[in-house]
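Undergrad: Chains R and C, in that order, give the protein sequences.
At the far end of the first sequence sits residue 445, using our numbering, and the numbering has no gaps.
At the far end of the second sequence sits residue 314, using our numbering, and the numbering has no gaps.
Every residue gets a Cβ at the ideal spot worked out from N, C-alpha and C, and that includes glycine.
Treat the numbers as computed from the prediction; the structure is a model and nothing was measured.
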Amino acid sequence: MTLTEKILAKHSGKDRVSPGDNVWVDVDILMTHDVCGPPAIGIFQKQFGENAKVWNKEKLVIIPDHYIFTADKYANRNVDILRAFAAEQDLPYFYDVGSDSYKGVCHVALAEEGFTRPGEVLFGTDSHTCTAGAFGQFATGIGNTDAAFIMGTGKLWVKVPETMRFIFEGTAMPPYLMAKDLILKIIGDIGVDGATYRTMEFAGPGIKALTMEDRMTLTNMAIEAGGKNGVVEPDEITEAYVKSRTNHPYELVYSDPDAKYYSEHFYNLEEIVPMVAKPHSPDNKATAEELEGTYLNRAYIGSCTGGKLSDFRAAAEIIQGNKVKIDTYIVPATTEIARGLETETIFGVPLIEIFREAGCRIGNASCAACLGGPSDTFGRLNSDEICISSTNRNYPGRMGSKQAQVYLASPYTVAASAITGVITDPRVFIQETVI
Amino acid sequence: MSTNSDPIKGKAFVLGKNIDTDQIIPAAHLVYSLDDPEERKFYGKYALSGVPVAESGLPQGNVQLTKEGETESEFRIIVASDNFGCGSSREHAPACLEIAGIKAIVTPSYARIFYRNSVDGGFLIPFESYEDLSREVHTGDDLEIDQQNHILKNHSQGKEYKIKPLGSVADIVRAGGIFEYARQTGMVAAK
Ligand code: SF4
C-alpha cells in the first residue's frame, strides 16, 4: 500500500484498503476558521442539538485568519460566533483575534502549533488543508456539513484515492529555485484537474533535500491540480520539526516498496527554471524568462504558500539594497513569522528593515488579499491592477477585482520583479548579489 | 432538493470549464449567514457573479444567473465543461446555487470537494456526463433529467444524452445528505 492507503486503512480499522473503497475514518484533528467555522457550527447545533458537545475538544482547532483586519460587520460577527462557541465548548485550541494567542493563516499555524503529525488524519474546512501532508499526514479540505458531522461523531467517509508519484532527482535546490517553481511546473504539466480525486506523493532525493517549509509549499498546491491530498514521506527533517513543536506521540508511515501507483512522473531539480503561472489559472505556465519585461504595477508576498519565514528571507536576499519600483505588499502568514521578520537578519539587518528601506508595505499576519476579501482588505486588488504574487491562486477575481490580472511566482521571482517593475527572472539578481 | 428519483426539469444555464469557487461565489460575499433567512438570500443574488461576463450563460454570454434585483434564478440545471467547482472548499458554493434555485449540474467532471459538498450537504445533484455538453446545450434550453434511465433530454433541440449513474454516493444523494444517511443507517441517533 501507499503511505496514504496505509493511514486510511489504520484509521478505518482495516488491514488493507484499495483505491476506490469508501471507508469511514477516525479523525485525529479537525480545523476550521472564521469563514467556514460559523456555518459548520450552525449545522452542528441544528443536527446534534443546541447544547451538544463536540466529540473531543482536544481535537478541534479553531484558527481565525481570513477576514481579520476589516471593518466589515458581517466578517467581525463571524469571529464573535467562533469566540462564543469556543467558550461554550471550553476549547483549548482557539487562537482568538486580538489575544496573545492569535496566530494568522491556519495551515502554517497548524504546523507551528504541532498539529501536523506523521501518520495521522487531519481534516479542515479549507481546501489548502492538504498543506499538512508535507509531514506525512493524511490531510484534506472538506465543507461545512462534513465538518459539522465530524464535530458530532469524530468520523467521516473517505474514498481511498489513487496515488500519483512525483519523483525528483537532484541533491540540493539550485540557488535561484524555490519549491514554488517545482509545483508550478508540475501543475502546468498535468493541468488544474490533472490530479483530481488523487493523492500527489512527492518523493526522491530532490524532495529529501527540501526544508519543511519548502515541502509545505509543494503539498499546499496539490489542490491546484485538483488533488485530494499531497504527501511527503517523513524523515529526520520532518521529525526534527514536529518534535520541536509538540510532545504528542505519532507514528511514521511509509509507502511499501511494492505499492501501486496510478502514474509516476520524473523531474530533476537542476533542470527546472523559475516558473510563472499567467492569468487566470495556476496551470497557465510559462518560464519567468519567457515573460521577461511583462508590465506589472503590484507585487504581493504572503499567504500559506508564499508567506513563510523562508519566503521572506528569499525575497529579502534579492530586495536588500534596492528600492521597489511598484507597490509591494508583504504579509507574514502568522504572528510567529511576523516576529521572525524582526529577528531574522541578513548581514545584521532585520528582514523587516530591508523591506521598509526598499519601500514595501508591511501588513499584519492573516490571509489578507490572497482571497480578495472585504473591500478594505490590505493589499486587495480593487481595480485593474497587474500583480505578481507568491500566493497560490489566480482565478478571475481571486485577489479582489475581476478586472485584475495575477501572475503567480516564487518569492525570488516576485522580489526581482518588484525591483524592476516588470516580470524578471531572479537569476539575474541572484548571480549578481547573493552567492 | 428532491430526494426521490423524479425527473428534474427546468431551464439550462451553460458555462465553460474550470468554473472555480471564486467565480461561483466571490470571497467578499462569504460573510453572510447561511442560517439567517434574510441574509441567506444574498447568496442567491450573488451566485455565479464572479464568472467573467462574456462566459456567463453560453453560447452568447452576458446572461446573469440571477436577474438584477432578484434572489432566485429562472434557471434550474447548470450544464458546464470540465472541472466544475475547483478551488476552495467553501460549501457556500453549492449552497448559493441551491439558494438561487439550481437543482442539478451536468458536467463531465467535478473538483472533488465541490462534488462532496454537493452530496453531503444535500444541496443539489452533481451528475456526470460522458461528453462535454457545454457546446451542445444553449442557455435557456428546456431540459429534463430522467434519473431512472440516466438520460438528459433537451426538449428545445429534441436531443438526448446518456449521463452516468451516481455510483457509490447514490445512497447519500437519495437520503438527502450525510446526516440523513447516517440516521438511516444508525450511525447517528435519529432526531
Ligand atoms: S492564505 Fe490564501 S490560500 Fe492560504 S488559507 Fe488564507 S486565503 Fe486560503
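Here's the rule: buried if 16 or more other CB atoms are within 10 angstroms of the residue's CB, otherwise exposed. What is GLU15 (chain R)?
TA: Per the 10 Å Cβ criterion, buried.
Undergrad: Could one say the Cβ of ARG504 (chain R) lies closer than 8 Å to chain C's Cβ atoms, at least one of them?
TA: This structure cannot speak to residue 504 (chain R), because chain R is shown only from 11 to 445.
Undergrad: DSSP state of HIS21 (chain R), grouped into three classes?
TA: HIS21 (chain R): helix per DSSP, three-state reduction.
Undergrad: When the distance is taken between beta carbons, is GLY407 (chain R) closer than 8 Å to GLY167 (chain C)?
TA: Going by C-beta atoms, GLY167 (chain C) is not nearer than 8 Å to GLY407 (chain R).
Undergrad: So what does DSSP say about ASN230 (chain R), is it helix, strand or coil?
TA: Reduced to three states, the DSSP call for ASN230 (chain R) is helix.
Undergrad: Are the stretch 275-282 of chain R and the stretch 178-193 of chain R touching, with three or more C-beta to C-beta distances below 8 Å?
TA: Yes: at least three Cβ pairs fall under 8 Å.
Undergrad: From ASP266 (chain R) to GLU130 (chain R), what distance separates their C-alpha atoms?
TA: Straight-line Cα distance between these residues: approximately 17 Å.
Undergrad: Quick check on the burial criterion: 16 or more other C-beta atoms within 10 angstroms. Buried or exposed for PRO185 (chain R)?
TA: Exposed, since its Cβ has fewer than 16 Cβ neighbours within 10 Å.
Undergrad: Nearest to LYS67 (chain R) by alpha carbon, out of R:PHE95, R:HIS43, R:GLY204 and R:HIS76?
TA: Among R:PHE95, R:HIS43, R:GLY204 and R:HIS76, the Cα nearest to that of LYS67 (chain R) belongs to R:PHE95.
Undergrad: Only counting runs of 4 or more residues, tell me where the alpha helix (DSSP H) segments fall wholly within the stretch 174-243 of chain C, in order along the chain.
TA: The qualifying runs are 215-223 and 235-243.
Undergrad: Quick check: the stretch 94-111 of chain R against the stretch 127-147 of chain R, are there 3 or more CB pairs under 8 Å?
TA: No, the stretch 94-111 of chain R is not in contact with the stretch 127-147 of chain R.
Undergrad: Can you find a heavy atom of the ligand SF4 that lies under 7 Å from the Cβ of THR401 (chain R)?
TA: Correct: THR401 (chain R) has its Cβ closer than 7 Å to the ligand SF4.
Undergrad: Going along the stretch 142-168 of chain R in order, which residues come within less than 9 Å of chain C, judged by CB to CB distance?
TA: Answer set for the stretch 142-168 of chain R: THR150, GLY151, ILE152, GLY153, ASN154, THR155, ASP156, ALA157, ALA158, PHE159, GLY162, THR163, LYS165, LEU166 and TRP167.
Undergrad: Taking 7 Å as the cut-off, is the C-beta of HIS152 (chain C) nearer than that to any heavy atom in the ligand SF4?
TA: The answer is no for HIS152 (chain C).
Undergrad: LYS295 (chain R): which of R:GLY312, R:GLU234 and R:LEU40 sits nearest, CA to CA?
TA: For the residues R:GLY312, R:GLU234 and R:LEU40, the minimum Cα distance to LYS295 (chain R) belongs to R:GLU234.
Undergrad: Need the endpoints of the alpha helix (DSSP H) that ARG93 (chain R) sits in, please.
TA: ARG93 (chain R) -> alpha helix (DSSP H) spans 83-99.
Undergrad: With contact counted as at least three CB pairs below 8 Å, one residue from each stretch, are the stretch 311-324 of chain R and the stretch 211-223 of chain R in contact?
TA: The stretch 311-324 of chain R is in contact with the stretch 211-223 of chain R.
Undergrad: Would you check whether the ligand SF4 has a heavy atom nearer than 7 Å to the C-beta of ASP136 (chain R)?
TA: Answer for ASP136 (chain R): yes, Cβ within range of the ligand SF4.
Undergrad: Rounded to whole angstroms, what's the CA-CA distance from LYS314 (chain C) to CYS380 (chain R)? Just pull it up for me.
TA: The straight-line gap from Cα to Cα measures roughly 41 Å.
Undergrad: So the beta strand (DSSP E) PRO249 (chain C) belongs to, where does it begin and stop?
TA: Its beta strand (DSSP E) spans residues 248-251.
Undergrad: Say the cut is 7 Å; is the CB of HIS290 (chain R) nearer than that to a heavy atom of the ligand SF4?
TA: No.
Undergrad: Which residues mark the beginning and the end of the beta strand (DSSP E) in which ASN154 (chain R) is found?
TA: Taken as a continuous stretch (DSSP letters only), ASN154 (chain R) belongs to no beta strand (DSSP E), being part of the alpha helix (DSSP H) at 154-163.
Undergrad: Just reading off the beta strand (DSSP E) that ILE131 (chain C) is part of, what are its end residues?
TA: Unbroken beta strand (DSSP E) run through ILE131 (chain C): 131-138.
Undergrad: Buried or exposed: GLN146 (chain C), going by 16 or more other Cβ atoms within 10 Å of its Cβ?
TA: Classification of GLN146 (chain C): buried, given that the 10 Å Cβ count is 16 or more.
Undergrad: Going by beta-carbon coordinates alone, are ASN239 (chain R) and THR209 (chain R) separated by less than 8 Å?
TA: In contact: ASN239 (chain R) and THR209 (chain R) (Cβ atoms closer than 8 Å).
Undergrad: Please list, in chain order, the chain R residues whose beta carbon lies closer than 8 Å to that of ILE301 (chain C).
TA: Going along chain R in sequence order, the residues near ILE301 (chain C) (Cβ under 8 Å) are THR155, ASP156, PHE159 and TRP167.
Undergrad: Is any beta-carbon of chain C found at less than 8 Å from that of ALA428 (chain R)?
TA: Answer no: the Cβ-Cβ gap between ALA428 (chain R) and chain C never drops below 8 Å.
Undergrad: What are the boundary residues of the beta strand (DSSP E) that includes HIS278 (chain C)?
TA: Neither: HIS278 (chain C) is in no beta strand (DSSP E) and is coded neither H nor E.
Undergrad: Check whether the Cβ atoms of SER137 (chain R) and GLY299 (chain C) sit closer than 8 Å, and answer yes or no.
TA: No, they are not a contact pair.
Undergrad: Where GLN99 (chain R) and ARG175 (chain R) are concerned, what is the direct C-alpha to C-alpha distance, given to the nearest angstrom?
TA: Rounded to whole angstroms, GLN99 (chain R) to ARG175 (chain R) spans 41 Å at the Cα level.
Undergrad: According to DSSP, which residues form a beta bridge with ALA213 (chain R)?
TA: Paired residue(s): R:ILE177.
Undergrad: Beta-carbon of LEU94 (chain C) versus every beta-carbon of chain R: anything under 8 Å?
TA: No statement about residue 94 (chain C) is possible, as the shown extent of chain C runs from 124 to 314 and does not include it.
Undergrad: So ARG199 (chain C) contacts chain R; which residues on that side make the cut at Cβ distance below 8 Å?
TA: Within chain R, no residue comes near ARG199 (chain C); the closest Cβ sits about 22 Å away, beyond 8 Å.
Undergrad: Would you grab the beta carbon distance between SER399 (chain R) and TYR310 (chain R) for me? Rounded to a whole angstrom, and I think it's under 8 Å.
TA: Between TYR310 (chain R) and SER399 (chain R) the Cβ distance is about 4 Å, and since that is below 8 Å, they are a contact.
Undergrad: Using three-state DSSP, classify THR221 (chain R) as helix, strand or coil.
TA: In this structure, THR221 (chain R) counts as coil in the three-state DSSP scheme.
Undergrad: Do you know how far the Cα of ASP36 (chain R) is from the Cα of LYS24 (chain R)?
TA: Between LYS24 (chain R) and ASP36 (chain R), the C-alpha separation is close to 12 Å.
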